[in-house]
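*Asks:* In the working numbering, the protein residues as written are 530 to 659. Backbone N, C-alpha and C define an ideal beta-carbon position, used for all residues, glycine too. What you are looking at is a predicted structure, and each value in this text was computed from that prediction instead of being measured. Below are the structure tokens for one structure; questions will follow.
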């Protein structure tokens with residue numbers, strides 16, 4: 530029984546590790562595969578660095594336009610890759626605090642070194658990579 534449980538744990542860990550976009554390149558490749566247009570933003574990276582003091586690797590803006598029930602829908606997610614998970618968590622907490630102060634309902638999420646926000650579908654598509 531212990532061997533079966535250990536095998537299941539190893540398989541689950543292997544699956545989780547293979548899905549996480551550790552790098553900018555993996556993120557771009559996976560989002561483009563979902564038909565998103567992916568651009569990076571050096572200006573946004575500089576602004577966030579000034580506001581949080583954190584070191585940022587990349588700032589990615591992913592946008593996809595599609596037709597749903599005859600209407601044009603634009604899905605977007607903005608994802609920031611920090612150099613450390615600690616910086617990512619601290620930045621997400623700061624931005625959520627600022628949003629609460631300003632009355633913004635959008636939640637800023639983080640996972641590992643990534644901080645991300647956007648439309649519900651954009652977030653869902655990005656989280657499918659995590």
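#1: For residue 584, is the classification buried or exposed, using 16 other Cβ atoms within 10 angstroms of its Cβ as the cut-off for buried?
#2: Measure the beta-carbon distance from residue 577 to residue 606 and round it to whole angstroms, keeping in mind my assumption that it falls under 8 Å.
#3: With distances taken from CA atoms, which of 574, 580, 650 is nearest residue 587?
#4: Decide if residue 597 is buried, meaning its Cβ has at least 16 other Cβ atoms within 10 Å, or exposed.
#5: From what residue to what residue does the beta strand (DSSP E) around residue 553 run?
#6: Do the region 610 to 617 and the region 562 to 572 meet, that is, are 3 or more Cβ pairs less than 8 Å apart?
#7: When the Cα atoms are used, what is the spatial distance from residue 640 to residue 590?
#8: Once the 5 residues before and after residue 625 are set aside, which same chain residues still bring their CB inside 8 Å of it?
#9: Let me make sure I understand the geometry here. Which of 602, 618, 620 has the alpha-carbon closest to that of residue 649?
#10: Return the Cβ separation of residue 617 and residue 643 in integer angstroms, given the expectation that the two are a contact with Cβ distance under 8 Å.
#11: Near residue 594, which residues of its chain fall below 6 Å by C-beta distance, leaving aside the five closest residues on each side in sequence?
#12: According to DSSP, is residue 581 helix, strand or coil?
*Replies:* In short, the structure shows the following:
#1: Sixteen is the threshold: since fewer than 16 other Cβ atoms of the shown chains lie within 10 Å of the Cβ of residue 584, the residue is exposed.
#2: Not confirmed; about 16 Å, so no contact.
#3: Minimum Cα distance to residue 587 is reached at 574.
#4: Residue 597 is exposed by the Cβ-count criterion.
#5: No beta strand (DSSP E) contains residue 553, which is instead part of the alpha helix (DSSP H) from 553 to 562.
#6: Output reads no: the region 562 to 572 does not touch the region 610 to 617.
#7: Each residue's Cα considered, the two are about 17 Å apart.
#8: Only residues of its own chain outside the window of five on either side were considered, and among them 636, 637 have a CB closer than 8 Å to the CB of residue 625, listed in chain order.
#9: The shortest C-alpha separation from residue 649 is found at 602.
#10: Rounded, the Cβ-Cβ distance is 6 Å, consistent with contact.
#11: Excluding positions up to five away in sequence, the list reads 603.
#12: Here residue 581 sits in helix by DSSP.
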